[in-house]
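Residue numbers (my numbering): 641 to 778.
The C-beta atom is built at its ideal place from N, Cα and C for all residues, glycine as well.
Quick caveat: nothing in here was measured; it's all calculated off a predicted structure.
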């Protein structure tokens with residue numbers, strides 16, 4: 641199950657680390673306890689919109705940018721989750737070929753032809769007019 645608070649915490653932590661800032665610095669600037677900010681970053685606490693606003697201000701990041709990044713992470717997580725939940729795609733199996741031999745009929749030159757085709761495709765009917773005989777069908 642995808643938890644939004646975990647994704648949000650991961651994005652907040654990455655933003656802070658990109659800036660090379662410590663939890664202590666950001667918590668002080670956002671006026672939130674270091675322990676609480678740590679729990680938010682680890683996805684253990686749900687952050688209110690007021691708290692998110694304060695953290696974004698402390699990180700000098702627009703909340704819309706933060707939410708966009710969270711949205712992108714959520715999309716990827718949903719795709720990964722649905723791919724893991726679906727049955728594996730079966731490997732294509734090469735159709736088994738059946739041989740059909742056709743030999744000449746009276747009045748038709750003698751030669752042998754072998755046709756290879758998938759078993760489900762060998763339902764073709766051919767007709768040959770043989771002079772002096774009725775129509776031959778195979």
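Runs of alpha helix (DSSP H) with 4 or more residues, each lying fully within the region 666-728, are found at 674-681, 689-699, 703-725, listed in chain order.
Residue 670 counts as buried, since at least 16 other C-beta atoms from the protein chains shown sit within 10 angstroms of its C-beta. Rounded to whole angstroms, residue 659 and residue 722 show a C-alpha spacing of 34 Å. The criterion of a C-beta distance shorter than 7 Å is satisfied by residue 656 and residue 666. Taken atom to atom, the span from the alpha-carbon of residue 708 to that of residue 676 is near 23 Å. Non-local beta-carbon contacts of residue 642 in its own chain, meaning distances under 8 Å to residues more than five positions away in sequence, involve 714, 717, 718, 721 in chain order. Annotated three-state conformation of residue 649 is helix, per DSSP. Note on residue 724: under 16 other CB atoms within 10 angstroms of its CB, so exposed under the neighbour-count rule. DSSP places residue 663 in the helix class (H, G or I) of the three-state scheme. In the three-state scheme derived from DSSP, where H, G and I count as helix and E and B as strand, residue 644 is classed as helix.
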